[in-house]
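In this note's numbering, the protein residues as written are 28 to 347.
The beta carbon of each residue, even a glycine, is placed where N, CA and C say it ideally should be.
Keep in mind that this is a model prediction, so the values were computed, not measured.
Working notes, structure below.
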Amino acid sequence: MNYSDIHTDIGTWYERCGRHDLPWRKTDDPYLIYISEMMLQQTQVKTVLERFYFPFLDRFPTLKSIAEATLDDVLHAWQGLGYYRRARYIHETARIAAPRLPTDPGELVRLPGIGKSTAHAIAAFSVHAPVPILDANVRRILYRFFARKKATEKELWQLAETLLDRENPYTYNQAMMDIGATVCLPKNPDCDTCPLERKCLGRSAPQDYPAPKRAKNRPVKRRCYLLVENGAKILMRKRKGDLLGGLWELPSTETAPKEGEKLFEIVHDYTHFRRIAELYRYRGKKNPEGEWIDVKELHSIATSSLEKKIFARLQKLTLL
DNA sequence: TAAGCGTGGTC
DNA sequence: TGACCAAGCTT
28 MNYSDIHTDI
38 GTWYERCGRH
48 DLPWRKTDDP
58 YLIYISEMML
68 QQTQVKTVLE
78 RFYFPFLDRF
88 PTLKSIAEAT
98 LDDVLHAWQG
108 LGYYRRARYI
118 HETARIAAPR
128 LPTDPGELVR
138 LPGIGKSTAH
148 AIAAFSVHAP
158 VPILDANVRR
168 ILYRFFARKK
178 ATEKELWQLA
188 ETLLDRENPY
198 TYNQAMMDIG
208 ATVCLPKNPD
218 CDTCPLERKC
228 LGRSAPQDYP
238 APKRAKNRPV
248 KRRCYLLVEN
258 GAKILMRKRK
268 GDLLGGLWEL
278 PSTETAPKEG
288 EKLFEIVHDY
298 THFRRIAELY
308 RYRGKKNPEG
318 EWIDVKELHS
328 IATSSLEKKI
338 FARLQKLTLL
């Protein structure tokens, strides 16, 4: 199948309707594009644009500046954005690749936290490499355009290669993400304005592609968090492991402490479970493991949003 | 192949 | 409010 007519329509659409003002589209610096791509993984443009992209680059203007920083510093600039693994990968990548990020997809994909789609995005947007992107937007377009209810990763990549405009990969890839984000929406797609409409096999029933996934049940986990005081300091500890790894948190226990006064509960939703945090003011004699942090210094260490919620409530109760 | 990984926006 | 979703990657 020849898609040159579709490619022309996509190019015309992009001129008129593309999101040309996004700051990472006004540069060909691989580092600036890389940071945007990492931040945008599973994260909406609005969030990155309004809260994280510029402050992070003010703090870390070059790959070298990250390589020279501590992981704690990078996590601090990342706090609130979520999926903190990404901050660890960026730190590792900077240590490996500084002062210059490669632009070859094969080299990029070997760096930690850079998969095929991110590698292709960096290559396509910095040096206009003729490689396709397969993000959530393109994925949804492909399912509909080829009328597929299900597809494996391998099949999707093959479809992405099939449809790619090899003569204008930069415009094509940018446009596809914009079309997915503003036209080929998950619900109520605006097919009448879509440049792929003429050859879209799913045009008559876009809601059927892809087939909906069954929602998984989300368990509820209860945990007891401890406010352990010593003058103007409280006890904190640094998390290990994948979940929020590297961030500071309050000490916590599975069961309620015997020598503790319950202050309140906070409900906090993660993607895969709901956390009910019971907060106790701990008055036991034996302190849990941790480090004493001055309450005035809490803003300078990286914590998760749950800790932010707890601290805000404690301040409201003038307990902090 | 599927689960695990955060947070916030949207309807 | 709950369910789904967002410029995915690793194991």
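A residue is called buried when at least 16 other Cβ atoms come within 10 angstroms of its Cβ; Pro284 meets this threshold and is buried. With a 10 Å radius around the Cβ and a threshold of 16 neighbouring Cβ atoms, Arg225 comes out exposed.
The beta carbon of Ile320 is closer than 8 Å to those of Lys260, Ile261, Leu262, Met263, Trp275, Ile328 in its chain, skipping five residues each way along the sequence.
Nearest neighbour of Thr298 by Cα position, chosen from Phe291, Tyr30, Leu270, Glu316, turns out to be Leu270.
Secondary structure note for Cys44: its alpha helix (DSSP H) is the uninterrupted segment 31–44.
Under the 10 Å beta carbon count, Pro239 is surrounded by fewer than 16 other beta carbons and is classified as exposed.
Nearest neighbour of Pro278 by Cα position, chosen from Gly38, Gly258, Ala304, Asp296, turns out to be Ala304. Counting C-beta pairs closer than 8 Å gives fewer than three between the region 66–86 and the region 229–239, which falls short of the contact rule. Shortest Cα-Cα distance from Ala202 to any of Gln342, Pro82, Pro159, Leu59 involves Pro159. By the CB criterion at 8 Å, Arg167 and Gly207 fall inside the cutoff. Contact annotation, Val154 with Ala146: C-beta distance approximately 12 Å; criterion of less than 8 Å not satisfied. Pairing Ala94 with Ala125, the inter-Cα distance amounts to about 7 Å. The Cβ-Cβ distance between Leu169 and Leu191 does not fall below 8 Å. Here the alpha carbon of Tyr252 sits roughly 5 Å from the alpha carbon of Leu306. Going by DSSP, Gly287 is part of the beta strand (DSSP E) stretching over 287–296.
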